[in-house]
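Numbering-wise (my numbering), the sequence shown opens with residue 301 and increments by one. Just so you know, even glycine gets a beta-carbon here, dropped at the ideal spot from N, CA and C. Everything numeric in this text was worked out from a predicted model, so none of it was measured. Down below is the structure, laid out as structure tokens.
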Amino acid sequence: MPDEPPFPPPTPRVALITGAGRGLGATTALRLAADGIAIAVNDLVPARAEESAAAVVAAGGRAVSVPGDITDPATVTRIVDDVRDTLGPIAILVNNAGIPAGGVALAPFAETSPDDWDAMIRLNIYGVLQCTHAVIGQMTELRWGRIITITSDSARTGEARMAVYAASKAAGASLMRSLSKELGRAGITCNTLSLGTIVSAEVAGTDRMLAHAKRYPLRRLGTYDNVASAVSWLVSEDGGWTTGQTIPINGGYTTS
Ligand SMILES: NC(=O)c1ccc[n+]([C@@H]2O[C@H](COP(=O)([O-])OP(=O)(O)OC[C@H]3O[C@@H](n4cnc5c(N)ncnc54)[C@H](O)[C@@H]3O)[C@@H](O)[C@H]2O)c1
Numbered sequence: 301m302p303d304e305p306p307f308p309p310p311t312p313r314v315a316l317i318t319g320a321g322r323g324l325g326a327t328t329a330l331r332l333a334a335d336g337i338a339i340a341v342n343d344l345v346p347a348r349a350e351e352s353a354a355a356v357v358a359a360g361g362r363a364v365s366v367p368g369d370i371t372d373p374a375t376v377t378r379i380v381d382d383v384r385d386t387l388g389p390i391a392i393l394v395n396n397a398g399i400p401a402g403g404v405a406l407a408p409f410a411e412t413s414p415d416d417w418d419a420m421i422r423l424n425i426y427g428v429l430q431c432t433h434a435v436i437g438q439m440t441e442l443r444w445g446r447i448i449t450i451t452s453d454s455a456r457t458g459e460a461r462m463a464v465y466a467a468s469k470a471a472g473a474s475l476m477r478s479l480s481k482e483l484g485r486a487g488i489t490c491n492t493l494s495l496g497t498i499v500s501a502e503v504a505g506t507d508r509m510l511a512h513a514k515r516y517p518l519r520r521l522g523t524y525d526n527v528a529s530a531v532s533w534l535v536s537e538d539g540g541w542t543t544g545q546t547i548p549i550n551g552g553y554t555t556s
């Protein structure tokens, strides 16, 4: 590992965003592309990845679709190799892929079973470990890199009925803290965005979400753009002296 000042950002900068076929990953893809970054759009669902990559291209950006299940190590290796061959070395990784905290995971911990835990642990721990492990070599060669993991405020402060989801998300934030200390000398920053409830414009106006928004000091839920703009700053040169941090984007729901 070099112990010397990082290089300037590579040109073009290439970002791999996992789970970017829809939701805040797709909005982040559009935002980073507008910043001049070439985007590799991963998603488990190929049609989503293709549609999102096409949207970036339609908006004037550069993007490729790299569908696949990031919980599978061979798939992650294939994706990272594909991106390097088509766009160039990966300088930015956004660990965004997720499964909703609801469903079977939204239950008192005592009522869950190991079978219920597996999907969360495989995606939020192994998926993040594998993608991060696979890009470090390329970033180290560039002597410039940005790794951002998207987690939930439930992991930071705890949330009833979300224990397994929260615990699995906490692993990503912990990994970023440790890697910030290992990789800083190579010019690689590692941070976590810890989110409150983020919804699309269509969903924000439903009765359920309007009621939920009353629990937030700002009296509204977060938007995809609130997250994408934070990613944009973290990957910029202006964000380059922030590393090892867990940054809440949560409308003031919790304050420490
Ligand atoms: N939306 C929120 O309120 C909120 C709150 C806290 C944290 N988060 C986190 O933000 C991230 C994005 O959330 P979102 O609301 O946009 O979710 P979303 O469900 O709209 O999008 C997530 C995408 O990840 C993909 N994905 C799932 N498993 C995958 C796998 N194994 N390999 C590749 N792709 C996979 C899905 O196909 C989906 O397109 C997630 O990590 C989520 O946990 C969201």
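Looking at residue i and ligand 1, is the gap between the Cβ and the nearest heavy atom below 7 Å?
{"i": "Val-345", "result": "yes"}
{"i": "Gly-552", "result": "no"}
{"i": "Asp-385", "result": "no"}
{"i": "Asp-369", "result": "yes"}
{"i": "Gly-458", "result": "no"}
{"i": "Ala-501", "result": "no"}
{"i": "Asn-396", "result": "yes"}
{"i": "Thr-318", "result": "yes"}
{"i": "Asn-342", "result": "yes"}
{"i": "Leu-423", "result": "yes"}
{"i": "Arg-520", "result": "no"}
{"i": "Thr-497", "result": "yes"}
{"i": "Leu-332", "result": "no"}
{"i": "Pro-400", "result": "yes"}
{"i": "Leu-324", "result": "yes"}
{"i": "Arg-378", "result": "no"}
{"i": "Arg-461", "result": "no"}
{"i": "Ile-450", "result": "yes"}
{"i": "Gly-321", "result": "yes"}
{"i": "Gly-427", "result": "yes"}
{"i": "Arg-348", "result": "yes"}
Where residue i and residue j are concerned, what is the direct C-alpha to C-alpha distance, given to the nearest angstrom?
{"i": "Val-558", "j": "Glu-411", "result": "This structure gives no information on residue 558, because the portion of the chain shown stretches from 301 to 556."}
{"i": "Ala-504", "j": "Glu-441", "result": "43 Å"}
{"i": "Leu-493", "j": "Leu-332", "result": "16 Å"}
{"i": "Gly-437", "j": "Pro-309", "result": "16 Å"}
{"i": "Arg-378", "j": "Ile-399", "result": "22 Å"}
{"i": "Arg-461", "j": "Phe-307", "result": "45 Å"}
{"i": "Gly-539", "j": "Arg-446", "result": "10 Å"}
{"i": "Thr-375", "j": "Asp-369", "result": "7 Å"}
{"i": "Asp-372", "j": "Ile-498", "result": "27 Å"}
{"i": "Pro-346", "j": "Val-314", "result": "20 Å"}
{"i": "Ile-448", "j": "Asp-418", "result": "23 Å"}
{"i": "Gly-551", "j": "Gly-496", "result": "7 Å"}
{"i": "Thr-328", "j": "Val-527", "result": "8 Å"}
{"i": "Gly-360", "j": "Ile-488", "result": "28 Å"}
{"i": "Thr-386", "j": "Leu-521", "result": "37 Å"}
{"i": "Arg-348", "j": "Gly-321", "result": "4 Å"}
Who does residue i pair with in a DSSP beta bridge?
{"i": "Cys-490", "result": "Ile-447"}
{"i": "Pro-548", "result": "Ser-494"}
{"i": "Gly-522", "result": "Ile-498"}
{"i": "Leu-316", "result": "Ala-340 and Leu-393"}
{"i": "Ser-452", "result": "Leu-495"}
What is the C-beta distance between residue i and residue j, in whole angstroms, given that I count them as a contact (C-beta under 8 Å)?
{"i": "Cys-490", "j": "Thr-543", "result": "6 Å"}
{"i": "Asp-335", "j": "Gly-319", "result": "Rounded, the Cβ-Cβ distance is 20 Å, inconsistent with contact."}
{"i": "Leu-393", "j": "Leu-316", "result": "5 Å"}
{"i": "Ala-466", "j": "Phe-409", "result": "Contact flag wrong, Cβ pair sits at about 10 Å."}
{"i": "Ala-513", "j": "Arg-519", "result": "6 Å"}
{"i": "Val-380", "j": "Val-341", "result": "Not quite, the Cβ-Cβ distance comes to about 14 Å (not below 8 Å), so this is no contact."}
Say whether chain C places a C-beta atom closer than 8 Å to the C-beta of residue i.
{"i": "Gly-360", "result": "Any reference to chain C falls outside this structure, which holds one protein chain only."}
Does the beta-carbon of residue i, which I'm using as the reference point, lie nearer than 7 Å to any heavy atom of ligand 2?
{"i": "Ile-339", "result": "Looking for ligand 2 in the displayed structure turns up nothing; the ligands present are ligand 1."}
Discussion item. Going residue by residue through the region 351–404, where are the continuous alpha helix (DSSP H) segments of at least 4 residues, counting only ones entirely within it?
Written reply: 373–386
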